[in-house]
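*Asks:* Structure below; questions to follow.
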Amino acid sequence: MTTTTPASATDPSRPMVAKIRLPEGGAAQDLRAVKVVWQREMIRFSQDRIRIVTALVQPILYVFVLGTGLSSLTKGATGDVSLRTFMFPGVLALSVLFTAMFSAVSIVWDREFGFLREMLVAPVRRSAIILGKCLGGATVAAIQGLIVLALAGLVSVPYSPIMLATLAVEMLLLGFTVTAFGLVIAARIKQMQAMMGLMQMILMPLMFLSGVLYPLAGLPRWLNVLVHINPITYAVHPLRLVVFAHIHASATAVARLNPPLTWWGWPVPTLVQLAVVAATGMVFLWVAVLEFDRAD
Amino acid sequence: MTELQRDGQAAVSVRGLQKRYGDLVAVRGVDFEVAPGETFGFLGPNGAGKSTTIGMLCTLVEPTGGMALVAGHDVVRARGDVRRNIGLVFQDTTLDLYLTAEQNMRFHAELYGVPRDLLGDRMHQVLDMVGLWERRSSRVNTFSGGMKRRLEIARGLLHSPRVLFLDEPTVGLDPQTRASIWAYIHELRQQEDITIFLTTHYMDEAEHCDRIAIIDQGAIVVLDSPEALKASVGKDRVQIRTANDPQAIAELRDRFDIEASVHEGAVTFAVAGGEQFIPRLFAELGVPIESVNVSRPSLDDVFLTYTGRTIRDAEASSSDRFRASPFAAAARR
């Protein structure tokens with residue numbers, strides 16, 4: 396017993412508490428840490444209603460404003476599929492990309508406001524904390540993606556349960572990889588302002604070089620190479636494949652808008668593409684753990 | 078030696094602990110032991126090496142020399158064991174301001190692996206102790222500075238640490254709130270079987286400790302109980318404001334054989350029986366005296382006696398050496 400009768404006890408019926416004995420650590424303890432860090436991300440996300448709404452603005456602008464505006468140029472070229480429908484899966488990826496990056500960046504806030512230290516001094520592995528943060532970022536990003544997906548009907552994409560489920564899994568994966576990548580960057584950044592600038596600088600090229608806004612057909616060689624190097628491409632293409640599998644598209648439209656992603660002429664299977672995204676995420680996660688281990 | 082400490086002979090045991098940052102030696106080989114149940118204070122000006130020492134004891138800063146055992150565990154080789162056995166309250170808040178008090182507590186409990194069946198009662202107990210149980214469902218960003226600090230103390234205690242580290246627990250708080258924080262610390266000493274290790278640069282706060290180590294420029298100058306330290310000084314401190322300080326200092330030396338110097342804008346010296354000395358001073362000093370202040374020996378005087386400087390002088394000169402505490406900088410990373 397650590398306590399004698401507390402002088403200030405307001406509730407005499409409250410039982411005395413024995414000295415807390417902490418377990419020796421180990422896998423179960425690390426798992427609890429992963430879970431609670433994830434939970435905190437969920438709580439913070441649910442509190443941030445404004446963020447959920449503002450995150451809808453960008454996709455709406457892309458699909459309904461840019462998509463509609465450019466349609467007049469591309470009329471005829473996209474066959475029986477509208478440009479807005481073509482852009483929709485890309486914009487899902489954009490939502491995930493920005494939301495996940497924003498989640499990762501929040502660790503810079505945590506550092507500025509001191510909460511990061513509360514996490515880093517705990518008797519758990521750093522990898523547990525980083526993993527919790529990554530899974531939190533992935534979940535938040537996927538939820539945000541699902542919110543954007545609610546607009547599907549407006550661009551003639553049906554609400555097929557299988558399609559929604561597949562997209563959700565793919566968005567979760569993309570969210571995980573992007574959060575891990577964001578954490579690698581955030582590990583060395585001490586101030587939010589610097590982080591915001593850096594984020595813009597990194598997000599824009601990732602976005603433009605991933606086939607979010609244009610098909611991967613007939614690109615000049617240099618652009619084709621850059622697009623194939625960008626891991627985001629391997630998440631965008633599967634998203635588009637799923638959407639195209641659930642809409643009515645003529646063979647010509649598919650050939651123009653959703654040509655296969657190839658490596659030296661070999662069409663890369665979807666699972667391999669997703670494996671590329673997952674592997675990239677694991678590497679970033681590993682680097683992020685090393686970075687946060689080094690920094691204390 | 079080590080076995081003895083594991084049996085609870087010392088809560089903290091430090092030998093030749095040292096920390097350098099390049100050419101800068103922040104802590105130059107300190108030795109001390111803190112007994113279980115003791116409240117031990119590290120007193121010194123900003124930049125004296127207090128926070129760096131606490132950082133090493135908390136496994137946040139890697140020592141460059143010497144060794145330290147906390148709750149019987151080596152701070153370098155058994156970091157996890159040390160962390161399980163300590164509670165930490167930092168100078169800057171480490172709460173999530175957007176979570177409620179209870180959510181912050183639960184986060185901590187999960188991270189530290191507090192058994193779930195005991196958590197509810199334990200949380201009630203520690204929140205009650207700091208008077209925040211009724212506010213547990215409020216978001217922390219609605220709390221005052223003093224409430225946040227109390228919540229951090231409660232959170233630091235949640236997992237029943239054997240040693241609670243309080244790094245400047247009252248810094249940045251108004252005097253009334255500071256007093257209330259001390260009241261809570263005294264209460265927790267009554268209720269919990271715990272060793273408290275704290276740092277402060279407020280002289281008056283050091284009196285709350287069982288023993289004090291005065292640290293200046295990275296080294297321990299003296300270590301004893303507040304009473305013993307004050308007794309060792311013996312003399313009263315006299316500060317006079319005069320029309321001509323250099324002449325006053327010269328006359329004090331020539332007529333009374335007293336060494337005086339200017340601190341905080343006043344001629345300052347120590348003398349036995351200060352109150353009886355004042356009438357003589359007025360009668361015999363050839364310089365007009367504008368005001369007199371006699372004080373019983375305080376820890377300020379102890380600091381002055383052992384370091385030759387007042388704590389405010391020391392802070393003025395050390396702020397150039399350590400513009401920011403290296404621990405603060407390191408831990409923020």
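Sequence order for the protein chains is H and F.
Going by the working numbering, 575 is the number at position 180 of the first sequence; the sequence numbering is gapless.
Going by the working numbering, 248 is the number at position 171 of the second sequence; the sequence numbering is gapless.
Note that the Cβ used here is the ideal one computed from N, Cα and C, for glycine as well.
Nothing here was measured: the structure is a model prediction, and the numbers come from that model.
Interface residues of chain H around Y175 (chain F) at Cβ under 7 angstroms?
*Replies:* R439 and Q442, listed in chain order.
*Asks:* Would you mind working out which of F:P238, F:P246, F:S237 and F:F242 sits nearest I224 (chain F), comparing C-alpha positions?
*Replies:* According to the sequence provided, residue 224 (chain F) is Met. The question's Ile does not apply to it. For M224 (chain F), the nearest C-alpha among the options comes from F:P246.
*Asks:* By how many angstroms is the C-alpha of I230 (chain F) removed from the C-alpha of T272 (chain F)?
*Replies:* So the alpha carbons of these two residues sit roughly 14 angstroms apart.
*Asks:* Give, in chain order, every residue of the stretch 229-247 of chain F whose Cβ lies closer than 7 angstroms to some Cβ of chain H.
*Replies:* Correct list: H236 and S237.
*Asks:* Please go through the same chain and pick out, in chain order, the residues whose beta-carbon is closer than 6 angstroms to the beta-carbon of F576 (chain H), but skip the five residues on each side of it.
*Replies:* Once the five neighbours on either side are set aside, the close Cβ partners of F576 (chain H) are F679.
*Asks:* Can you name, in chain order, every residue of its own chain whose Cβ lies under 6 angstroms from the Cβ of G164 (chain F), other than the five neighbours on each side?
*Replies:* Here the set comprises G233, L234, P238 and L241.
*Asks:* At 4 residues or longer, and completely inside the stretch 446-518 of chain H: list those alpha helix (DSSP H) runs for me, N to C.
*Replies:* List check, alpha helix (DSSP H) in window: 462-469, 478-507 and 510-515.
*Asks:* Under 8 angstroms between C-beta atoms, does I424 (chain H) make it to chain F?
*Replies:* Correcting the residue identity first, residue 424 (chain H) is Gln in this sequence and not Ile. True, the Cβ-Cβ gap to chain F drops below 8 angstroms.
*Asks:* Can you name the residues that DSSP bridges to L241 (chain F)?
*Replies:* Partner(s): F:G164 and F:I273.
*Asks:* Hey, out of F:Q268, F:E269 and F:A283, whose CA is closest to L275 (chain F)'s CA?
*Replies:* Of F:Q268, F:E269 and F:A283, the residue nearest in Cα terms is F:A283.
*Asks:* Report the neighbours of R160 (chain F) on chain H: residues whose CB is nearer than 8 angstroms to its CB, in chain order.
*Replies:* Those within 8 angstroms of R160 (chain F) in chain H are V516, A517 and P518.
*Asks:* So, at 6 angstroms on beta carbons, what are the nonlocal neighbours of M200 (chain F) in its own chain, with the 5 sequence-adjacent residues on each side left out?
*Replies:* Here the set comprises M182.
*Asks:* Roughly how many angstroms separate the alpha carbons of F333 (chain F) and A325 (chain F), rounded to a whole number?
*Replies:* Distance between the alpha carbons of F333 (chain F) and A325 (chain F): 11 angstroms.
*Asks:* Does I447 (chain H) get closer than 8 angstroms to chain F when you measure Cβ to Cβ?
*Replies:* No, no contact with chain F.
*Asks:* Mapping DSSP to helix, strand and coil, what is S372 (chain F)?
*Replies:* Looking at S372 (chain F) - three-state DSSP - the assignment turns out to be strand.
*Asks:* Under a three-way DSSP split, which group does D443 (chain H) fall into?
*Replies:* Note: D443 (chain H) maps to coil in three-state DSSP.
*Asks:* Between the alpha carbons of E187 (chain F) and A428 (chain H), how many angstroms are there, rounded?
*Replies:* Rounded to the nearest angstrom, the two C-alpha atoms are 6 angstroms apart.
*Asks:* Which runs of the alpha helix (DSSP H), 4 residues or longer, sit entirely within the stretch 332-366 of chain F?
*Replies:* Qualifying alpha helix (DSSP H) stretches, in chain order: 351-361.
*Asks:* For G114 (chain F), name the three-state secondary structure that DSSP assigns.
*Replies:* If DSSP states are grouped into helix, strand and coil, G114 (chain F) belongs with coil.
*Asks:* May I ask which residues mark the beginning and end of the alpha helix (DSSP H) holding L172 (chain F)?
*Replies:* L172 (chain F) -> no alpha helix (DSSP H), and no H or E assigned at all.
*Asks:* Counting only beta-carbon atoms, is F167 (chain F) nearer than 8 angstroms to chain H?
*Replies:* Yes, because at least one Cβ of chain H sits closer than 8 angstroms to the Cβ of F167 (chain F).
*Asks:* When you check each C-beta in the stretch 587-606 of chain H against every C-beta of chain F, which residues fall closer than 8 angstroms?
*Replies:* Listed in sequence order: no entries.
*Asks:* What are the boundary residues of the beta strand (DSSP E) that V703 (chain H) is part of?
*Replies:* A question about residue 703 (chain H) goes unanswered here, because the residues of chain H that appear run from 396 up to 691.
*Asks:* Output the distance between the C-alpha atoms of L176 (chain F) and K430 (chain H), rounded to the nearest integer angstrom.
*Replies:* Using only the alpha carbons, I get a separation of about 16 angstroms.
*Asks:* Please confirm whether V104 (chain F) has its beta-carbon closer than 8 angstroms to some beta-carbon of chain H.
*Replies:* Cβ-Cβ to chain H under 8 angstroms: no for V104 (chain F).
*Asks:* Select from the stretch 180-197 of chain F all residues with a C-beta closer than 8 angstroms to any C-beta belonging to chain H, and list them in chain order.
*Replies:* So the list reads Q180, R183, F184, H185, E187, L188, Y189, G190, V191, P192 and L195, given in the order they occur along the chain.
*Asks:* Check whether chain H comes within 8 angstroms of T170 (chain F), counting only Cβ atoms and requiring the distance to be less than that.
*Replies:* Yes, contact with chain H.
*Asks:* Shortest alpha-carbon distance to L487 (chain H) belongs to which of H:E565, H:R446, H:I557 and H:W661?
*Replies:* Considering only alpha carbons, the answer is H:E565.
*Asks:* Name the residues in the stretch 617-648 of chain H whose C-beta lies less than 9 angstroms from a C-beta of chain F; which are they?
*Replies:* Against chain F - using a Cβ distance shorter than 9 angstroms - the stretch 617-648 of chain H contributes no residues.
*Asks:* Could you check whether L567 (chain H) and A537 (chain H) sit closer than 8 angstroms to each other, using their CB atoms as the reference points?
*Replies:* Result yes, Cβ atoms of A537 (chain H) and L567 (chain H) sit closer than 8 angstroms.
*Asks:* Using beta carbons (cut-off 8 angstroms, strictly below), is L250 (chain F) in contact with chain H?
*Replies:* Chain H contact via Cβ: absent.
*Asks:* Is the stretch 538-551 of chain H in contact with the stretch 467-485 of chain H, if contact means three or more CB pairs nearer than 8 angstroms?
*Replies:* The stretch 538-551 of chain H is in contact with the stretch 467-485 of chain H.
*Asks:* What is the rounded straight-line gap between the Cα of Q588 (chain H) and the Cα of A581 (chain H)?
*Replies:* The alpha-carbon atoms of Q588 (chain H) and A581 (chain H) are separated by roughly 12 angstroms.
*Asks:* Identify, in the order they occur along the chain, each residue of the same chain with its Cβ nearer than 6 angstroms to the Cβ of P374 (chain F), setting aside the five sequence neighbours on each side.
*Replies:* Excluding sequence neighbours, P374 (chain F) sits near K307 and V310.
*Asks:* Consult DSSP for M677 (chain H) and reduce its assignment to one of helix, strand or coil.
*Replies:* Note: M677 (chain H) maps to helix in three-state DSSP.
*Asks:* Going by DSSP, what residue range makes up the alpha helix (DSSP H) through A630 (chain H)?
*Replies:* Per DSSP, A630 (chain H) belongs to the alpha helix (DSSP H) from T628 to A640.
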